[in-house]
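Chemist: The following block contains the structure, expressed as structure tokens.
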Amino acid sequence: MRQSGTEERSESKSMADFVISSPLIKSFLAGSLSGTCSTLLFQPLDLLKTRLQQPQIAGETSRGGMLKHVVYVVKNERVFGLWKGTVPSIVRCVPGVGLYFCTLHFLKTSLHLDNPSSSEAMFLGASARAICGVVLLPVTVIKTRFESEVYHYRTMSEATRDIYRTSGLRGLYSGLVPTLIRDAPYSGIYLVFYVQAKRFIPERVKEGSHLVAANFTCGVVAGLLASVVTQPADVIKTHMQLQPAKFQSILTSILLIAKEEGVVGYFRGLVPRMLRRTLVTAMAWSFYEQAVTT
Numbered sequence: 001m002r003q004s005g006t007e008e009r010s011e012s013k014s015m016a017d018f019v020i021s022s023p024l025i026k027s028f029l030a031g032s033l034s035g036t037c038s039t040l041l042f043q044p045l046d047l048l049k050t051r052l053q054q055p056q057i058a059g060e061t062s063r064g065g066m067l068k069h070v071v072y073v074v075k076n077e078r079v080f081g082l083w084k085g086t087v088p089s090i091v092r093c094v095p096g097v098g099l100y101f102c103t104l105h106f107l108k109t110s111l112h113l114d115n116p117s118s119s120e121a122m123f124l125g126a127s128a129r130a131i132c133g134v135v136l137l138p139v140t141v142i143k144t145r146f147e148s149e150v151y152h153y154r155t156m157s158e159a160t161r162d163i164y165r166t167s168g169l170r171g172l173y174s175g176l177v178p179t180l181i182r183d184a185p186y187s188g189i190y191l192v193f194y195v196q197a198k199r200f201i202p203e204r205v206k207e208g209s210h211l212v213a214a215n216f217t218c219g220v221v222a223g224l225l226a227s228v229v230t231q232p233a234d235v236i237k238t239h240m241q242l243q244p245a246k247f248q249s250i251l252t253s254i255l256l257i258a259k260e261e262g263v264v265g266y267f268r269g270l271v272p273r274m275l276r277r278t279l280v281t282a283m284a285w286s287f288y289e290q291a292v293t294t
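Residues 1 to 294 in the UniProt record's numbering are what the sequence shown spells out, letter by letter.
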């Protein structure tokens, strides 16, 4: 009996040693854990962003701003309504963030780009995000519909069946191009700004106890800049996923949004998206940097 317990502890230790010694697994686990925490914390911001952008009410309620939507959701769906769409968000973000860091680490080591230049950082970030975007787009489509007021799905399986029944496999990949146009540049731009910002961190801070705070600050700055640049693509993506029959292509979406909402329509939901993306990515990178260096 004692020998059996010793063997179990030995196997557990071997597994832990394997995880610690594998950079790819550490990258995946660090990203997945940070993705779980950030999704649970910031899901309300993602829901508000979707509500502000959805075509049906963009002209009616978005003028009231984010606070008006908060009051509306709490009044009609209670406080927990702000976390609507959490399950598909977790299904997307938990493996998604882990897959992103795992892919990024693989590309960096394979291409020997441990200290990338700006153009190399842009390539690494955009490539890793593009791969994740293609793999996880069906979950993104389901998540977007869950968060909107256009559809009233109760489960992910119900949403999947309905989308496949009405639009086929193509429906699960609606908005692929604008998603890639949004996500790949976002990650590329983010990584460029993040790498450049980190170079301004004094050596004494890098060796001290304030490194996590410094990394988080660099992440916030990078996230703000990248969010503003890619906001129009996010609006187009949301319109195409909520009303694919009306917004059939990127060009059609651009023209219709401009006609119905003007230039301001391309920046609907900027504040909640900027807050969420900035905090999520800053948290993820801070956690990742700490995990892979220990």
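Ideal Cβ positions, reconstructed from N, Cα and C, are used throughout, including at glycine.
Starting from the C-beta of PRO185, find all residues in its chain whose C-beta is less than 6 Å away, skip the five residues before and the five after it, and write them out in chain order.
Modeler: Here residue 185 corresponds to residue number 185 of the sequence shown, with the count starting at 1. The answer, listed in chain order, is THR230.
Chemist: Within 10 angstroms of the Cβ of LEU67, are there 16 or more other Cβ atoms? Answer buried if so, exposed if not.
Modeler: One-based indexing of the sequence shown puts residue 67 at position 67. When all chains shown are included, LEU67 counts as exposed.
Chemist: Check whether the Cβ atoms of GLY125 and GLY188 lie closer than 8 Å to each other.
Modeler: Here residue 125 is taken as the residue at index 125 of the sequence shown, counted from 1. Here residue 188 is taken as the residue at index 188 of the sequence shown, counted from 1. Yes, the Cβ-Cβ distance between GLY125 and GLY188 is below 8 Å.
Chemist: Once you ignore the five residues that flank ARG171 on each side, which residues in its own chain have a CB closer than 6 Å to its CB?
Modeler: One-based indexing of the sequence shown puts residue 171 at position 171. In the sequence as presented, Arg is not what sits at residue 171; that position holds Gly. ILE163.
Chemist: Determine contact between the segment 241–255 and the segment 206–213, defined as no fewer than three beta-carbon pairs at a distance below 8 Å.
Modeler: no
Chemist: Can you tell me the Cβ-Cβ gap for VAL228 and ALA197, rounded? I've got them flagged as a contact below 8 Å.
Modeler: As a working mapping, residue 228 is identified with position 228 in the sequence shown. As a working mapping, residue 197 is identified with position 197 in the sequence shown. 16 Å between Cβ atoms; not a contact.
Chemist: My parser needs the alpha helix (DSSP H) runs of 4 or more residues fully inside the segment 118–171; what are they?
Modeler: You should have 118–147.
Chemist: Report the three-state DSSP secondary structure of ILE201 (helix, strand or coil).
Modeler: The residue given as residue 201 occupies position 201 in the sequence shown. DSSP places ILE201 in coil when its eight states are reduced to three.
Chemist: Whether or not the segment 103–113 and the segment 138–154 are in contact is what I'm after, with contact meaning three or more pairs of Cβ atoms, one per stretch, closer than 8 Å; do they touch?
Modeler: No contact exists between the segment 138–154 and the segment 103–113.
Chemist: Thinking C-alpha only, which one of CYS102, GLY269, THR50, GLY168 is nearest SER127?
Modeler: For the purposes of this step, residue 127 is taken as residue 127 along the sequence shown, with counting starting at 1. If we check each option's Cα against that of SER127, CYS102 comes out closest.
Chemist: If you draw a straight line from the alpha carbon of PHE42 to that of VAL280, how long is it in whole angstroms?
Modeler: Here residue 42 refers to the residue found at position 42 when the sequence shown is read from its first residue. Here residue 280 refers to the residue found at position 280 when the sequence shown is read from its first residue. Going by the C-alpha atoms only, they are around 8 Å apart.
Chemist: Confirm, please, whether the CB-CB distance from ILE142 to ALA159 is below 8 Å.
Modeler: On the sequence shown, residue 159 is found 159 positions in, with the first residue counted as 1. On the sequence shown, residue 142 is found 142 positions in, with the first residue counted as 1. Going by C-beta atoms, ALA159 is nearer than 8 Å to ILE142.
Chemist: Between which residues of its own chain and ASP234 is the CB-CB distance below 7 Å, once the five residues before and five after are set aside?
Modeler: Sequence index remark: in the sequence shown, residue 234 carries index 234 (1-based). Around ASP234: ARG182, ARG273.
Chemist: Could you spell out the range, first to last residue, of the alpha helix (DSSP H) harbouring GLU77?
Modeler: Position 77 of the sequence shown holds residue 77. Taken as a continuous stretch (DSSP letters only), the alpha helix (DSSP H) holding GLU77 covers 65–77.
Chemist: For SER209, name the three-state secondary structure that DSSP assigns.
Modeler: Stepping through the sequence shown from its first residue, residue 209 is reached at position 209. SER209: coil per DSSP, three-state reduction.
Chemist: Please work out which residues of its chain come closer than 6 Å, Cβ to Cβ, to SER62, disregarding the five sequence neighbours upstream and downstream, and give them in chain order.
Modeler: For the purposes of this step, residue 62 is taken as the residue at position 62 of the sequence shown. Model confidence at SER62 stands at a pLDDT of 46, short of 50, so the residue's coordinates are unreliable; what they give is reported in the following sentence. If we look at SER62 and ignore the five residues flanking it on each side, its Cβ neighbours are LEU52, ARG268.
Chemist: Quick check on DSSP: helix, strand or coil for PRO116?
Modeler: Walking along the sequence shown from the start, residue 116 turns up at place 116. The answer is coil: DSSP assigns PRO116 none of H, G, I, E or B.
Chemist: Does the beta-carbon distance from THR86 to THR140 come in below 8 Å?
Modeler: For the purposes of this step, residue 86 is taken as residue 86 along the sequence shown, with counting starting at 1. For the purposes of this step, residue 140 is taken as residue 140 along the sequence shown, with counting starting at 1. No, the pair does not count as a contact, with Cβ atoms beyond the cut-off.
Chemist: Helix or strand or just coil, what does DSSP make of PRO244?
Modeler: Counted from its first residue, the sequence shown places residue 244 at position 244. Residue state, collapsed to three classes: coil.
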